[in-house]
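Beneath this line is the structure, given in C-alpha cells, with notes to follow.
In our numbering, the protein residues as written are 1 to 290.
Dropping the structure here:
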C-alpha cells in the first residue's frame, strides 16, 4: 500500500501546481469528513485557542485547515521529485539576506520554525540556498522513511540529526556554519518541558530554543512558510534576528517564543498544524482535553 501511494504521488508531481492545489483542496474536504479522530483533535484545539469564535466559525476554520493540509500532502510530491528549475520560482524567500549576512559573518544561526503546514516547502527553500541542519524523526513506515530522508537531502549538503542524538550535535552543526531548522512547538511530554501560555492555555513546551541559543552562542532567526493561493507557490518569511535573546531566564525566553508563535498563527490560523494534540500533556490535576 505504501509503494502504491508513493507511485501515485510520483505521478501527481507532473501536474501543474494549480491542478495539484485543486486536488489537494478536494482531498482535504474528504479528510474532514472521513478522519473523525483528527477532526475531533482540530476542533478541540480551535475551541481552546479561539474561545471567542462560535461553533460554526470554528468548524469553517477547521474545514479551511483540512484543505491546506490536503494541499500540503499532495504538493510535497513536488519537493521530492520536481527539478530545482521548476521549484525555484515556487519557493520564494523573503529576508534571505538577513540570514546570509549572519552565516557569512560566521555567526551560528538557530531558525525558529513553527509547525505550519508549509514548513517542508520552507525547509526545501532554505536547503536550496544554505547547507543547513535539521532534526529528523524516524518514520514507522520504512518506505516513507527512505522517501522523507531522500527528500530532505536533495539539495546541497544537508545534515539530518535524529531526535536521539545529543544536543551537542546540534550545537556543533550551528558552530560549523549550518543554520539549524528548528521546530520546538510540539507536545513532547512533561519531561524537560515547561508549562507556559500558548493562546492562554498552559502548554507543555520544550525550552530548547533558549538553551540551544545559549550553548551555541546562536542568533535566533524566526522563519514562517505561508502557502499561497492557487498555483502561486510558497512564501518563506525570514524575520529580523531576535535581540536580547537568550536571557538568564529560560522560562521567560520560552514564554516569548510561544507568544511570537501565537502572533504568527493569528496571521493565518488555518495553516497551523492543528491535527497535533498540542495540549495532551496537562499540569497535575488537569484532565486531558482530547
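Ideal Cβ positions, reconstructed from N, Cα and C, are used throughout, including at glycine.
As the structure is a prediction and not an experimental result, all values here were calculated from the model.
Distance, Cα to Cα, residue 90 vs residue 285? Residue mapping note: residue 90 aligns to position 90 of the chain shown, counting from 1. Residue mapping note: residue 285 aligns to position 285 of the chain shown, counting from 1. Near 48 Å, if we compare the C-alpha coordinates of residue 285 and residue 90.
Return yes when the Cβ of residue 117 is within less than 9 Å of the Cβ of residue 41, no when it is not. Within the chain shown, residue 41 is the residue found at index 41, counting from 1. Within the chain shown, residue 117 is the residue found at index 117, counting from 1. Residue 41 places its beta carbon 9 Å or farther from that of residue 117.
Closer than 6 Å by C-beta to residue 174: which residues in its own chain qualify, once you throw out the five before and the five after it? Chain order, please. As a working note, residue 174 is residue 174 in the chain shown. Excluding residues within five positions, the ones whose Cβ falls inside 6 Å are 108, 180, 216 and 218.
Drop a sphere of 10 angstroms on the beta-carbon of residue 14, count the other beta-carbons inside from all chains shown, and report buried for 16 or more, exposed for fewer. Here the question's residue 14 lines up with position 14 in the chain shown. Residue 14 comes out exposed.
Rounded to whole angstroms, what is the Cα-Cα separation between residue 63 and residue 230? Translated into the one-based positions of the chain shown, residue 63 becomes position 63. Translated into the one-based positions of the chain shown, residue 230 becomes position 230. Distance between the alpha carbons of residue 63 and residue 230 is about 17 Å.
If we ignore side chains and look at the alpha-carbon of each, how far apart do residue 183 and residue 26 end up? Position 183 of the chain shown, counted from the first residue, corresponds to residue 183. Position 26 of the chain shown, counted from the first residue, corresponds to residue 26. Going from the Cα of residue 183 to the Cα of residue 26 covers about 28 Å.
Confirm, please, whether the CB-CB distance from residue 136 to residue 148 is below 9 Å. The residue labelled residue 148 in the question sits at position 148 within the chain shown. The residue labelled residue 136 in the question sits at position 136 within the chain shown. Yes, the Cβ-Cβ distance between residue 148 and residue 136 is below 9 Å.
Among 211, 225 and 131, the one whose alpha carbon lies nearest that of residue 236: On the chain shown, residue 236 is found 236 positions in, with the first residue counted as 1. Nearest option by C-alpha distance: 225.
Going by alpha carbons, who is nearest to residue 140 out of 221, 2 and 97? Taking the chain shown and counting its residues from 1, one reaches residue 140 at position 140. Nearest option by C-alpha distance: 2.
Can you confirm whether the region 152-168 touches the region 113-129 when touching is taken to mean that 3 or more C-beta pairs between the two stretches lie within less than 8 Å? yes
Can you check whether the CB of residue 79 is closer than 9 Å to the CB of residue 19? Within the chain shown, the letter at position 19 stands for residue 19. Within the chain shown, the letter at position 79 stands for residue 79. Result no, Cβ atoms of residue 19 and residue 79 do not sit closer than 9 Å.
Measure from the alpha carbon of residue 10 to the alpha carbon of each residue in 290, 267, 133 and 81, then state which is nearest. Stepping through the chain shown from its first residue, residue 10 is reached at position 10. Residue 81 is the option with its Cα nearest to residue 10.
Could you have a look at residue 194 and say whether DSSP puts it in helix, strand or coil? The sequence position of residue 194 within the chain shown is 194, counting from 1. Three-state result, residue 194: strand.
Mind checking whether residue 43 and residue 60 have CB atoms under 9 Å apart? Mapped onto the chain shown, residue 43 falls at position 43. Mapped onto the chain shown, residue 60 falls at position 60. Cβ distance not < 9 Å, so residue 43 and residue 60 don't count as in contact.
Check each candidate in 56, 113 and 177 and name the one with the smallest Cα separation from residue 105. Here residue 105 refers to the residue found at position 105 when the chain shown is read from its first residue. If we check each option's Cα against that of residue 105, 177 comes out closest.
Provide the residue span of the alpha helix (DSSP H) that contains residue 29, from first to last. Counting from one through the chain shown, the residue named residue 29 turns up at place 29. Run containing residue 29: 17-34, per the alpha helix (DSSP H) assignment.
Counterpart residues of residue 43 in DSSP-defined beta bridges: To locate residue 43, count along the chain shown from 1; it is residue 43. For residue 43, which the question treats as bridged, DSSP gives no partner whatsoever.
Chain C beta carbons: is any one of them nearer than 9 Å to that of residue 74? The structure shown contains no chain C; it holds only a single protein chain.
Can you tell me whether residue 70 is buried or exposed? The criterion is at least 16 other CB atoms within 10 Å of its CB, across all chains shown. The residue given as residue 70 occupies position 70 in the chain shown. Around the beta carbon of residue 70, 16 or more other beta carbons lie within 10 angstroms, which makes this residue buried.
Hey, residue 303 and residue 206 are a contact pair by Cβ (cut 8 Å); roughly how many whole angstroms apart? The question about residue 303 has no answer, for the chain in this structure spans 1 to 290.
List the residues that DSSP assigns as beta-bridge partners of residue 176. Taking the first residue of the chain shown as 1, we reach residue 176 at position 176. Partner(s): none; residue 176 has no beta bridge.
Could I get the ranges of all uninterrupted beta strand (DSSP E) runs contained in the region 122-187, with 3 residues as the minimum, in chain order? 133-136, 159-162 and 180-182
Nearest candidate by alpha-carbon position, reference residue 245, set 199, 55, 143 and 210: Here residue 245 corresponds to residue number 245 of the chain shown, with the count starting at 1. The candidate whose alpha carbon is nearest that of residue 245 is 210.
Can you name, in chain order, every residue of its own chain whose Cβ lies under 8 Å from the Cβ of residue 259, other than the five neighbours on each side? Working through the chain shown from its first residue, we reach residue 259 at position 259. Here the set comprises 197.
I'd like the list of long-range same chain contacts for residue 86, defined as Cβ closer than 8 Å, with 5 residues on each side in sequence excluded. The count along the chain shown starts at 1 and reaches residue 86 at position 86. Only 78 meet the Cβ criterion.
Run the CB neighbour count on residue 249, radius 10 Å, all protein chains shown included, and call it buried at 16 or more, exposed below. Here residue 249 refers to the residue found at position 249 of the chain shown. Classification of residue 249: exposed, given that the 10 Å Cβ count is below 16.
Starting from the Cα of residue 33, find the closest Cα among 53, 5, 17 and 65 and give me that residue. For the purposes of this step, residue 33 is taken as the residue at position 33 of the chain shown. Cα-wise, what sits closest to residue 33 is 65.
If you check the beta carbons only, do residue 115 and residue 273 fall under 9 Å apart? If you number the chain shown from 1, residue 115 lands on position 115. If you number the chain shown from 1, residue 273 lands on position 273. Closer than 9 Å, so yes.
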